[in-house]
Ligand code: PLP
Ligand code: TYF
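In full-length UniProt numbering, the protein residues as written are 2 to 393.
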């Protein structure tokens, strides 16, 4: 029977979706779950995606099984785009996964199977990281190196702690657009991380879920390239759900990088076996859409233009927030230096509840805000609410 089970809490981020929907106040602002929104508050299907879907509808001849690796054309074309020639083809072995989350879970299971026990993570991190690793039997070890009050990453402290890791331990790195801090290490930081990873014999797992939302599509995988080019073994968990706006289609991929083709093939065969035991094979549609876009120069051009608009909107909103200066304890000026969809503000649970109850402003319980949830007019209203909070 199931009578030994305890009731589990709902996902705190996904719960905000329902609470926001139920709120009848017209002036409500949703800064909760991390999806892109345009100036009208919509999360539209990209034009390149619609065009690729039309092509698939016309031309797809079969929906027969593909196998645990999924759409290998998708996997290979994406790897060429993401890694370029930083990691030679014979050093990388990939497969399609159900989203970036599926990629992280499979990576965690491979680590567990290989006898890895711990993964080092800069804190705070995405709320789903710890549950995914714990479910696979990997213990997350958090390094408290981000300061929310100062909007700052203490990289020296992160490196110092990492230097104390046991050789063979894994380390998780956000490839770009850190969730929830929006603060990345920068090229020199990535070089310093790579130096410690290689010297200590650690196994890097890069989580790249926002490529193209930070500085640019190529720029955003620079750190990943530096690290995976230098480390003998590594893992890259990739999500296409933000940069192609495919969210519910669950598009992702996982690559293992190895020093040579033979060791790579062994690790890859283990990933295929784990995938078979989990989901047999990944859902096709979203990955087929990405493949069709990447195979076609014109569709790729349209997609890159749309992605540029996403990135520029985020950067513009960051600048607009920063121009509001400091409001009480909240220093908004740092937000202009951040990248991607998120920032985390130094607000207490009481203050976050107050913003929701008094001003219909919804943010994550951690103080995280989804920058894309703003529009220029709502930034002004949000700052008025922060000033009222400061007086309250
Ligand atoms: N990694 C990070 C840091 C994320 O924020 C997300 C969230 O969406 C994911 C991975 C996984 O995304 P998905 O499973 O939707 O591809
Ligand atoms: O952090 C976020 O908001 C996004 C979306 O279980 C998300 O990454 C949130 C929670 C979750 C899955 C995706």
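Each residue gets a CB set at the ideal place from its N, CA and C atoms; glycine is no exception. Since the model is a prediction, treat every value here as computed from it, not as a measurement.
(request) Would you please state the rounded distance, in angstroms, between the beta carbons of residue 132 and residue 147? I believe it to be under 8 angstroms. (result) As a position in the chain shown, residue 132 is number 131, starting the count at 1. As a position in the chain shown, residue 147 is number 146, starting the count at 1. The Cβ separation is near 20 angstroms, so there is no contact.
(message) Can you find the residues in the same chain that come closer than 8 angstroms, C-beta to C-beta, to residue 393, ignoring five residues on each side of it along the sequence?
(response) Mapped onto the chain shown, residue 393 falls at position 392. For residue 393, where only same-chain residues beyond five positions count, the Cβ hits under 8 angstroms are 355.
(request) For residue 214, I'd like the list of residues in its chain whose CB is within less than 7 angstroms of its CB, leaving aside the five on either flank, ordered along the chain. (result) By one-based count along the chain shown, residue 214 stands at place 213. Within the same chain, residue 214 has close Cβ partners 178, 243, 244, 311, 312, 315, 341 and 342.
(request) Could you pull out every unbroken alpha helix (DSSP H) segment of at least 4 residues lying fully inside the region 331 to 392, listed in chain order? (result) 350 to 360 and 377 to 392
(message) Quick check on this structure: which residue in 240, 31 and 264 has the alpha carbon closest to the alpha carbon of residue 41?
(response) In the chain shown, the residue the question calls residue 41 occupies position 40. Measuring from the Cα of residue 41, the nearest candidate turns out to be 31.
(message) Give the list of continuous alpha helix (DSSP H) stretches no shorter than 4 residues that lie fully inside the region 114 to 185.
(response) 130 to 136 and 156 to 163
(message) Taking DSSP's pairing of strands, which residues face residue 280 in a bridge?
(response) The sequence position of residue 280 within the chain shown is 279, counting from 1. According to DSSP, residue 280 bridges with nothing at all.
(message) On the DSSP bridge list, what partners appear for residue 204?
(response) In the chain shown, the residue the question calls residue 204 occupies position 203. Answer is 171.
(request) Check residue 211 in the structure and name its three-state DSSP category. (result) If you number the chain shown from 1, residue 211 lands on position 210. Residue state, collapsed to three classes: coil.
(request) My understanding is that residue 304 touches residue 47, with C-beta atoms under 8 angstroms, so please give their C-beta distance in whole angstroms. (result) Counting from one through the chain shown, the residue named residue 304 turns up at place 303. Counting from one through the chain shown, the residue named residue 47 turns up at place 46. Right, their Cβ atoms sit about 6 angstroms apart.
(request) Compute every distance between the C-beta of residue 181 and the non-hydrogen atoms of ligand 2, then say whether any falls below 8 angstroms. (result) Looking up residue 181 in the chain shown gives position 180. Result yes, Cβ under 8 angstroms from ligand 2.
(request) Please determine, among 250, 207, 221 and 260, the residue with the shortest C-alpha to C-alpha distance to residue 236. (result) Here the question's residue 236 lines up with position 235 in the chain shown. Nearest C-alpha to residue 236: 207.
(message) Less than 8 angstroms separating the Cβ of residue 251 from some heavy atom of ligand 4?
(response) This structure lacks ligand 4; its bound ligands are ligand 1 and ligand 2.
(request) Buried or exposed for residue 396, please, with buried defined as at least 16 other CB atoms from any protein chain shown within 10 angstroms of its CB. (result) Here the chain covers residues 2 to 393 and nothing more, so residue 396 does not appear.
(request) Return the Cβ separation of residue 331 and residue 387 in integer angstroms, given the expectation that the two are a contact with Cβ distance under 8 angstroms. (result) Looking up residue 331 in the chain shown gives position 330. Looking up residue 387 in the chain shown gives position 386. Contact flag correct, Cβ pair sits at about 6 angstroms.
(request) Could you tell me the distance, in whole angstroms, from the CA atom of residue 36 to the CA atom of residue 14? (result) Stepping through the chain shown from its first residue, residue 36 is reached at position 35. Stepping through the chain shown from its first residue, residue 14 is reached at position 13. In a straight line, the C-alpha of residue 36 is about 11 angstroms away from that of residue 14.
(request) Output the distance between the C-alpha atoms of residue 123 and residue 182, rounded to the nearest integer angstrom. (result) Along the chain shown, read from residue 1 onward, the residue named residue 123 stands at position 122. Along the chain shown, read from residue 1 onward, the residue named residue 182 stands at position 181. Approximately 11 angstroms, taken between the alpha carbons.
(message) Check this for me: beta carbons of residue 50 and residue 246, under 9 angstroms apart or not?
(response) Here residue 50 refers to the residue found at position 49 when the chain shown is read from its first residue. Here residue 246 refers to the residue found at position 245 when the chain shown is read from its first residue. Against a cut-off of 9 angstroms, the Cβ pair of residue 246 and residue 50 comes out as a contact.
(message) Taking the straight line between their C-alpha atoms, what separation do you get for residue 78 and residue 296?
(response) Along the chain shown, one-based indexing puts residue 78 at 77. Along the chain shown, one-based indexing puts residue 296 at 295. Using only the alpha carbons, I get a separation of about 8 angstroms.
(request) To the nearest angstrom, report how far apart residue 128 and residue 372 are at their CA atoms. (result) For the purposes of this step, residue 128 is identified with residue 127 of the chain shown, where counting begins at 1. For the purposes of this step, residue 372 is identified with residue 371 of the chain shown, where counting begins at 1. So the alpha carbons of these two residues sit roughly 18 angstroms apart.
(request) Determine the direct distance from the alpha carbon of residue 154 to that of residue 404, and round the result to whole angstroms. (result) Look at the range of the chain in this structure, 2 to 393, and you will see that residue 404 is not part of it.
(request) Using the Cα positions of residue 225 and residue 84, report the straight-line distance between them to the nearest angstrom. (result) Locating residue 225 in the chain shown gives position 224, where the first residue counts as 1. Locating residue 84 in the chain shown gives position 83, where the first residue counts as 1. Between residue 225 and residue 84, the C-alpha separation is close to 8 angstroms.
(message) Are the CB atoms of residue 346 and residue 368 within a distance shorter than 9 angstroms?
(response) Translated into positions along the chain shown, residue 368 becomes position 367. Translated into positions along the chain shown, residue 346 becomes position 345. Yes. Within cutoff.
(message) Rounded to the nearest angstrom, what separates residue 281 and residue 137 at their Cα positions?
(response) For this step, residue 281 is matched to residue 280 along the chain shown. For this step, residue 137 is matched to residue 136 along the chain shown. Rounded to whole angstroms, residue 281 to residue 137 spans 18 angstroms at the Cα level.
(message) I need the boundaries of the beta strand (DSSP E) containing residue 58, first residue and last residue.
(response) Taking the first residue of the chain shown as position 1, residue 58 is located at position 57. No beta strand (DSSP E) holds residue 58; the alpha helix (DSSP H) holding it covers 48 to 60.
(request) Could you check the C-alpha separation between residue 109 and residue 325 for me, to the nearest Å? (result) For the purposes of this step, residue 109 is taken as the residue at position 108 of the chain shown. For the purposes of this step, residue 325 is taken as the residue at position 324 of the chain shown. Approximately 42 angstroms between the Cα atoms of the pair.
(message) Looking at the strands, I want to know which residues DSSP matches up with residue 30.
(response) By one-based count along the chain shown, residue 30 stands at place 29. The partner list for residue 30 (beta bridge, DSSP) reads 362.
(message) Between which residues of its own chain and residue 175 is the CB-CB distance below 6 angstroms, once the five residues before and five after are set aside?
(response) Walking along the chain shown from the start, residue 175 turns up at place 174. So the list reads 208, once near-sequence residues are dropped.
(request) Mind checking who residue 257 pairs with in its DSSP beta bridge? (result) Within the chain shown, residue 257 is the residue found at index 256, counting from 1. DSSP lists 94 and 236 as partners of residue 257.
(request) Consult DSSP for residue 320 and reduce its assignment to one of helix, strand or coil. (result) In the chain shown, the residue the question calls residue 320 occupies position 319. Looking at residue 320 - three-state DSSP - the assignment turns out to be helix.
(request) Thinking residue 104 and residue 11 are a contact (beta carbons under 8 angstroms), I'd like their distance in whole angstroms, please. (result) As a first step, residue 104 is located in the chain shown; it is residue number 103 there, counting from the start. As a first step, residue 11 is located in the chain shown; it is residue number 10 there, counting from the start. Not really, about 24 angstroms apart at Cβ, beyond 8 angstroms.
(request) Using the Cα positions of residue 222 and residue 212, report the straight-line distance between them to the nearest angstrom. (result) In the chain shown, residue 222 corresponds to position 221, counting from 1. In the chain shown, residue 212 corresponds to position 211, counting from 1. Cα-Cα distance, rounded: 7 angstroms.
(request) Measure the CB-CB distance between residue 199 and residue 232 and report whether it falls below 9 angstroms. (result) In the chain shown, the residue the question calls residue 199 occupies position 198. In the chain shown, the residue the question calls residue 232 occupies position 231. It is a contact, given that the beta carbons lie within the stated cut-off.
(request) State the DSSP-derived secondary structure class of residue 88, mapped to helix, strand or coil. (result) Start at 1 with the first residue of the chain shown, and residue 88 comes out as number 87. Three-state result, residue 88: coil.
(message) Among the candidates 2, 171 and 307, whose CA atom is the shortest distance from the CA of residue 113?
(response) Within the chain shown, numbered from 1, the residue matching residue 113 stands at position 112. Answer by Cα proximity: 171.
(request) Consult DSSP for residue 314 and reduce its assignment to one of helix, strand or coil. (result) For the purposes of this step, residue 314 is taken as residue 313 along the chain shown, with counting starting at 1. Looking at residue 314 - three-state DSSP - the assignment turns out to be helix.
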